[in-house]
Amino acid sequence: METALTNRNSSNPGTAIVTGASSGIGKVYADRLAARGYDLILVARRQERLSTIAADLQQRHGVSAEVLVADLSQPAGAAAVVDRLASDASISLLVNNAGFSAMKPLTDTPDATIREMIGLNVTALTLLSKAALVAFKARNAGTLVNVGSGAGFAPYPGIPVYGSTKAYVHLFTEALQGEVEGTAVRVQLVLPGAVISEGWEVAGGSSLESLPEGIVMTTEDCVDAALSGLDLGERVTAPSLHDDAPLREYEGLSGKLLQSVFDGKPAARYKVGG
Ligand SMILES: NC(=O)c1ccc[n+]([C@@H]2O[C@H](COP(=O)([O-])OP(=O)(O)OC[C@H]3O[C@@H](n4cnc5c(N)ncnc54)[C@H](OP(=O)(O)O)[C@@H]3O)[C@@H](O)[C@H]2O)c1
728 METALTNRNS
738 SNPGTAIVTG
748 ASSGIGKVYA
758 DRLAARGYDL
768 ILVARRQERL
778 STIAADLQQR
788 HGVSAEVLVA
798 DLSQPAGAAA
808 VVDRLASDAS
818 ISLLVNNAGF
828 SAMKPLTDTP
838 DATIREMIGL
848 NVTALTLLSK
858 AALVAFKARN
868 AGTLVNVGSG
878 AGFAPYPGIP
888 VYGSTKAYVH
898 LFTEALQGEV
908 EGTAVRVQLV
918 LPGAVISEGW
928 EVAGGSSLES
938 LPEGIVMTTE
948 DCVDAALSGL
958 DLGERVTAPS
968 LHDDAPLREY
978 EGLSGKLLQS
988 VFDGKPAARY
998 KVGG
């Protein structure tokens, strides 16, 4: 039986681009996709790490694994991956995973960090999503996976910019699901909770060890659950969410608010216009 991930056929699923493949969630995605037979294009800044990972995947899974070194927070880095998405018809899957956080109140966050975070978590993810969907829609095949975060559901102390970039990923990815409606192109939003990765050191401010026991997931479990959600045909996959009723309520309520917020008359409580 073909899985949801096999866009061409079960023996040749095509090429997957994984951004942020040099560590954490992206590295595990690369491994799991190679195990499913995907050829890989591994994107991040640290060339040495990517080359080691690529050699390991080629050796263990017999797939081709290419390294594409790019700083996605910069226009030239994002453009290099956009160009590849536009020119390589073998690409059947994009995992927009690269992202980072900084745990600081806004007033303590350097401007350069804010620019870099929005450049990576928002601008690059948007440009890469566009390039992927242009190619996938033209072929009526392909899968886009955007990695958001549970931190995008509501404001969380100490991560005002990060949480907001992930709220963007949430709304944006669901908007794209509307754009591929009626086609064979798939778009999945993945919402990890707290996952063991170097990302916590990059963010600073709070260590994984300081989190309440039992709330932290392994990177492997997170990615395996996300891929299982994709196979199940889920549009939104939150690996740690045992009861998905609140998620459905949230989606339902936001849809209702969208409809009711447009009215030409100010609400009565504002006592405008007599
Ligand atoms: N860990 C969690 O608890 C958690 C929870 C929710 C969501 N997430 C999301 O999961 C995704 C992966 O994070 P992770 O936890 O696996 O963190 P991680 O281990 O730090 O991995 C981040 C990856 O992004 C790459 N990256 C960072 N800046 C980049 C840039 N400017 N250009 C290109 N690549 C860049 C890093 O590679 P280089 O440094 O080599 O460039 C690395 O491969 C992120 O989007 C994160 O927001 C994580």
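Residue numbers (our numbering): 728 to 1001. Think of the CB as a built atom: it goes at the ideal place given N, C-alpha and C, for glycine as much as any other residue.
Which residue from Ser856, His788, Arg763, Tyr756 puts its Cα closest to that of Leu799? Ser856
Between Ser876 and Pro919, is the Cβ-Cβ spacing less than 9 Å? yes
Kindly indicate which residue of Gly747, Asn823, Gly764 has the alpha-carbon position closest to the one of Pro740. Gly764
Identify whether Val988 lies in helix, strand or coil by the three-state DSSP scheme. Of the three classes helix, strand and coil, the one that applies to Val988 here is coil, per DSSP.
Just to check, is the beta-carbon of Ser924 closer than 8 Å to a non-hydrogen atom of ligand 3? With respect to small molecules bound, the structure shown includes ligand 1 and not ligand 3.
Return the chain-ordered list of same chain residues with a C-beta closer than 6 Å to the C-beta of Arg962, the five sequence neighbours on each side being excluded. The answer, listed in chain order, is Gln904.
Going along the chain, which residues of its own chain have a beta-carbon closer than 8 Å to the beta-carbon of Asp948, five neighbours each way excluded? Pro966
Between Ala803 and Val770, how many whole angstroms is the CB-CB distance? I'm expecting something under 8 Å. Cβ-Cβ separation between Ala803 and Val770: approximately 13 Å, too far for a contact (criterion under 8 Å).
Please determine whether the Cβ atom of Lys831 lies at a distance below 8 Å from any heavy atom of ligand 1. Answer for Lys831: no, Cβ out of range of ligand 1.
Would you kindly work out how many angstroms separate the C-alpha atoms of Ser828 and Lys998, rounded to a whole number? 42 Å
Could you check whether the Cβ of Lys983 sits closer than 9 Å to any Cβ belonging to chain C? In the displayed structure, chain C is absent; only one protein chain is listed.
Taking all protein chains shown into account, decide if Phe989 is buried (16 or more other Cβ within 10 angstroms of its Cβ) or exposed. Exposure of Phe989 is indicated by the presence of fewer than 16 other C-beta atoms within 10 angstroms of its C-beta.
Using a Cβ-based criterion (distance less than 8 Å to any ligand heavy atom), does Leu777 qualify as near ligand 1? It does: the Cβ of Leu777 is within 8 Å (strictly closer) of some heavy atom of ligand 1.
Say yes only if the C-beta of Thr946 is nearer than 8 Å to one or more non-hydrogen atoms of ligand 1, and no if none qualify. Checking the Cβ of Thr946 against ligand 1 gives yes.
Whole angstroms are fine: how far does the CA of Ala813 sit from the CA of Arg996? 52 Å
For Leu916, which option in Met944, Leu833, Ala902, Ser924 has the closest C-alpha, if you only look at C-alpha atoms? Residue Ala902 is the option with its Cα nearest to Leu916.
Across the segment 925-937 and the segment 816-836, are there enough close Cβ pairs to call them in contact, namely three or more that are closer than 8 Å? In short, these stretches touch, since the Cβ pair count reaches three.
When Thr853, Leu854, Leu784, Leu820 are compared against Thr1003, the one with the closest alpha-carbon: Residue 1003 falls outside the range modelled here, since the chain spans only 728 to 1001, and no answer is possible.
Could you name each continuous beta strand (DSSP E) segment of 3 residues or more that falls completely within the segment 896-956, going from the start of the chain to the end? 913-917
Looking at C-alpha atoms only, which residue of Ala761, Arg975, Phe880, Ser749 is the closest neighbour of Thr779? Ser749
Verify whether the separation of the beta carbon atoms of Leu871 and Asn823 is less than 9 Å. yes
Same chain, Cβ closer than 6 Å to Val874, five either side skipped, listed in chain order: Asn824, Val917
Measure the C-alpha to C-alpha separation of Thr853 and Glu908 and round it to an integer number of angstroms. 19 Å
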